[in-house]
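**Student:** Protein chains in written order, with the working numbering: chain A, 441 to 821; chain B, 441 to 821. In this text, a Cβ means the ideal position worked out from N, Cα and C, and glycines have one as well. Computed from a predicted structure; not experimentally measured.
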DNA sequence: CTGAAAGCGCTTACAG
DNA sequence: CTGAAAGCGCTTACAG
């Protein structure tokens, strides 16, 4: 590997001259000829700066850490790309750390980030596992933390999608289309009270329901005991959140798929099912295809995230799309501000998502009778 | 940030003592008490080594670069996780670089890797874009390159799945089940002759067909002109590779989906369609759902990769699964050997994939008449 | 068993 | 306009 010293020796210049010219700091007055020679020779010799040496000497790495969870969810993947681009646009480099690649150990990841001397950390789309204590480990050594689409943590800024309003809008839309018995599948997680993105989904759904009817929640077992006869009587809208115990499901046992296998064997079906995201909604649709339950003819479905697979007309998934570019721009702006001013307090910001109405919600229902029996044959996806 | 010097001052020891104890090199004889004090104080003060300083002083980064393309394909994602784990198991750290995150610029990625002074580079699941010249840029500065599931490049080792045998086996299986007119959808890429993973798919399919019948290839336009009447006459097996011009399709215009929209409007349908991978096969199935073409009742389908979505009984995708753990272990072993011995020549190695037979290939057909008309009603997915 | 010293590749304030 | 020198945080051969 070529060093600045080697360039200096070759050109019989001092190391400082080479270093100054290569670093292109403004305000330096070197002879144009000297500049040319140095730049030309550096390129010829294939000089590449040694990042580690720069970091040691400058006492800053110019690195922003991006902690993410791989690309299981398309929207998260897109967001990560946008974050990386925005970080670079501001003159930083990034160190991307995939939690999966580290066996999911947060402590391990934090040590990596500190050892790399990152100047700030963006926590992208990570829920429970990233706790306040982890934020503290970073802030204690002067590394500010911004969470994007994750959980509120004291000491960390949070920038996120307004998932409450999105689920409220999805709920309202289903009601408006004439659906009356609406299920909401909800993945239970440990500390429910502090879980923003999952909690807000529930609150948004519930608020839409309670504008027009009654809302209850059940565990999976309770639900199958109560459904459909033991439900509280209501002439109008009835919303049921079914809390799925995620401890029961490994990732291989697709929880929504498993639930639907059981639900689709029972009768009657609910009018509509609100899923946590598009991946879950596709699980439901796959279960429906298998068991002859048609979406939306037999049951309407909504997702969240606007995954590509939902675009196929065969699925036609009604969903909502985050404003990824604004969210990511705000996130990177925030981490830069907090790097620049270590005493700047963390802030919160959220951005509305955009509804994407396709056929899975049973769009055509609106114009028709609200009685399921009479619409089944005419509504098609 | 805490430095070794600060620990030394706090304990009134020399910097060398602290450094030696923290580095835990074998063969050093320090008083147990001194060791304890140093370790305890380091932990208390929250000492974390400065990686950059270590890299500068040791003149090696202990880093292996992993260049990948995000996680669009599940199998590639799994492989990347396995690579990372294997790299760590051998005492290296890794620097993961997602080509997407760098806007797809190979040169930019290579500069990053060199500036980080990685000791070796693994190119994971990247096809055309990574060329011989890129391998040369790395080897010229002493960084060995191992390609995993990508293309053969002079100067780079290659470890890959035996995709030839897999497609041969898929083809044979379809023939054995009684399918006679078999389509193979093939994404055309620039330098066909040097593209291993796509080229071997074609060769494997073709060899299976030619064992029992006749093989031809068409562009998409030629195909729709010729299908079905202009095909060469053959009493038995007829294999057609349809070369899709990928320049025509952005990622948004799903190429297999678009092709199927057109194909499913024509008639008759082929007996079976061999897709490049599971993602393509799902595109086909989605088009089928939309246009009332049933898999496998109306047309059989195979994929490749064993994506999770193919597991749903509604899709029941027949596919093949790479031996990811062996491939990745061999890849990491190879890069370590080449780092240890810079003169070691690059080598090639491939591992067989495992067929996964589900329903989409029309399994039940084998026991029945080979006439499509009579089997349609009894075969179900 | 412990410490003084050199040096990795770079940056930067300062002298000439 | 150019160069000599100090020093970032660490490692390591060597002296005591």
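#1: Is there a Cβ of chain B sitting closer than 8 Å to that of residue 495/A, yes or no?
#2: Counting only the same chain and skipping the five closest in sequence on each side, list residues whose C-beta sits under 7 Å from that of residue 779/B.
#3: Specify whether the region 787–807 of chain A and the region 750–762 of chain A touch according to this definition: at least 3 beta carbon pairs, one from each stretch, less than 8 Å apart.
#4: Please state whether the Cβ-Cβ distance between residue 553/B and residue 505/B is less than 8 Å.
#5: In the DSSP assignment, what are the bridge partners of residue 674/A?
#6: Where does residue 815/A fall in DSSP's three states?
#7: How about the region 739–747 of chain B and the region 715–722 of chain B: do they share at least three Cβ pairs that are nearer than 8 Å?
#8: Could you tell me which of 698/B, 528/B and 684/B sits nearest to residue 543/A, measuring between CA atoms?
#9: Along chain B, which residues have their Cβ under 8 Å away from the Cβ of residue 491/A?
#10: Measure how close the beta-carbons of residue 580/A and residue 495/A come, nearest whole angstrom, since I'm counting them as under 8 Å.
#11: Closer than 8 Å by beta-carbon distance: list the chain B residues that pair up with residue 501/A, in chain order.
#12: Taking 8 Å as the CB-CB limit, is residue 739/B close to chain A?
#13: Out of 596/A, 713/A, 449/A and 697/A, state which residue places its alpha-carbon closest to the alpha-carbon of residue 730/A.
#14: Once the 5 residues before and after residue 487/B are set aside, which same chain residues still bring their CB inside 7 Å of it?
#15: Taking residue 645/B and residue 565/B to be in contact with their CB atoms under 8 Å, please state how far apart those CB atoms are, rounded to whole angstroms.
#16: Is DSSP giving residue 754/A helix, strand or coil here?
#17: Let me check understanding here. Comparing Cα to Cα, which of 586/A, 555/A, 539/A and 577/A lies closest to residue 569/A?
#18: Output the boundary residues of the alpha helix (DSSP H) element that contains residue 643/B.
#19: Would you say residue 718/B faces chain A, with C-beta separation under 8 Å as the test?
#20: I need the straight-line Cα distance from residue 768/A to residue 574/A, nearest angstrom please.
#21: What whole-angstrom Cβ distance do residue 735/B and residue 800/B have, given they're in contact under 8 Å?
#22: Using the C-alpha atoms, what's the distance from residue 683/B back to residue 665/B?
#23: Please go through the region 500–533 of chain A and give each complete alpha helix (DSSP H) segment of 4 or more residues, from N-terminal end onward.
#24: Between residue 594/A and residue 788/A, how many whole angstroms is the CB-CB distance? I'm expecting something under 8 Å.
#25: Please report the straight-line C-alpha distance between residue 774/A and residue 518/A, rounded to a whole angstrom.
#26: Starting from the beta carbon of residue 551/A, find every residue of chain B whose beta carbon is closer than 9 Å, and list them in chain order.
#27: Using C-beta distances below 8 Å, list every residue in its chain close to residue 811/B, excluding the 5 sequence neighbours before and after it, in chain order.
#28: What does residue 574/B reach in chain A if we use C-beta pairs closer than 9 Å?
#29: Who are the Cβ neighbours of residue 777/B in its own chain at under 8 Å, not counting the five residues just before and after it?
#30: Which residues does DSSP pair with residue 555/A in a beta bridge?
#31: Taking 8 Å as the cut-off, decide whether the C-beta atoms of residue 657/B and residue 685/B are in contact.
#32: Give me the Cα-Cα distance between residue 648/A and residue 675/A, rounded to the nearest whole angstrom.
#33: Leaving aside the five residues before and after residue 620/A along the sequence, list all residues of the same chain whose C-beta is less than 6 Å from its C-beta, in chain order.
#34: From residue 738/B to residue 753/A, what does the alpha carbon distance come to, in whole angstroms?
#35: Would residue 629/A and residue 567/A be called neighbours here (beta carbons separated by less than 8 Å)?
#36: Return the Cβ separation of residue 636/B and residue 591/B in integer angstroms, given the expectation that the two are a contact with Cβ distance under 8 Å.
**Tutor:** Concretely, from the data shown:
#1: Judged by the 8 Å Cβ criterion, residue 495/A is in contact with chain B.
#2: Short of 7 Å from the beta carbon of residue 779/B, and not among the five residues preceding or following it, lie these beta carbons of its own chain, in chain order: 559, 560 and 584.
#3: Short answer: they touch.
#4: The Cβ atoms of residue 553/B and residue 505/B sit closer than 8 Å to each other.
#5: Beta-bridge partners assigned by DSSP to residue 674/A: none are found.
#6: Unreliable positioning characterises residue 815/A in this predicted model, as indicated by a pLDDT of 28, which lies under 50. The coordinate reading is nonetheless provided below. Annotated three-state conformation of residue 815/A is helix, per DSSP.
#7: Below 8 Å, enough C-beta pairs join the region 739–747 of chain B and the region 715–722 of chain B to call them touching: three or more.
#8: Closest by alpha carbon: 528/B.
#9: Result: 492, 555, 556 and 557.
#10: Actually they are not in contact, since the Cβ atoms of residue 580/A and residue 495/A sit about 21 Å apart, beyond 8 Å.
#11: 492, listed in chain order.
#12: No, because no Cβ of chain A sits closer than 8 Å to the Cβ of residue 739/B.
#13: The shortest Cα separation from residue 730/A among 596/A, 713/A, 449/A and 697/A belongs to 697/A.
#14: Scanning its chain for C-beta atoms nearer than 7 Å, with the 5 sequence neighbours on each side dropped, one finds around residue 487/B the residues 442 and 447, in chain order.
#15: Contact check for residue 645/B and residue 565/B: beta-carbon distance about 21 Å, past the 8 Å limit, so the pair fails to qualify.
#16: Looking at residue 754/A - three-state DSSP - the assignment turns out to be coil, as it is neither helix nor strand.
#17: Checking every option, the nearest Cα to that of residue 569/A belongs to 539/A.
#18: In the DSSP annotation of this structure, the continuous segment of the alpha helix (DSSP H) that includes residue 643/B starts and ends at 636–652.
#19: No, residue 718/B does not count as interfacial toward chain A.
#20: So the alpha carbons of these two residues sit roughly 22 Å apart.
#21: About 5 Å separates the two Cβ atoms, so the contact holds.
#22: Between the C-alpha atoms of residue 665/B and residue 683/B there is a straight-line separation of about 14 Å.
#23: Those alpha helix (DSSP H) runs which fall completely within the region 500–533 of chain A and span 4+ residues are 514–529.
#24: About 12 Å separates the Cβ atoms of residue 594/A and residue 788/A, ruling out a contact at the 8 Å cut-off.
#25: A straight-line Cα-Cα distance of about 19 Å links residue 774/A and residue 518/A.
#26: The answer, in chain order, is 488.
#27: Note on residue 811/B: pLDDT 40, under 50, position unreliable in the model; the coordinate value appears next. Closer than 8 Å at Cβ, skipping near neighbours: no residue.
#28: Against chain A, a Cβ distance below 9 Å from residue 574/B picks out nothing, because the smallest value is about 14 Å.
#29: Result list for residue 777/B: 784, in chain order.
#30: As DSSP reads the structure, residue 555/A sits in no beta bridge.
#31: No.
#32: Taking the CA atoms as reference points, residue 648/A sits about 17 Å from residue 675/A.
#33: Close CB contacts of residue 620/A within its chain, under the 6 Å cut and outside five residues either way in sequence, are with 677 and 711 (chain order).
#34: Using only the alpha carbons, I get a separation of about 19 Å.
#35: Yes, they are a contact pair.
#36: Their Cβ separation, rounded to whole angstroms, is 5 Å, which keeps residue 636/B and residue 591/B in contact under 8 Å.
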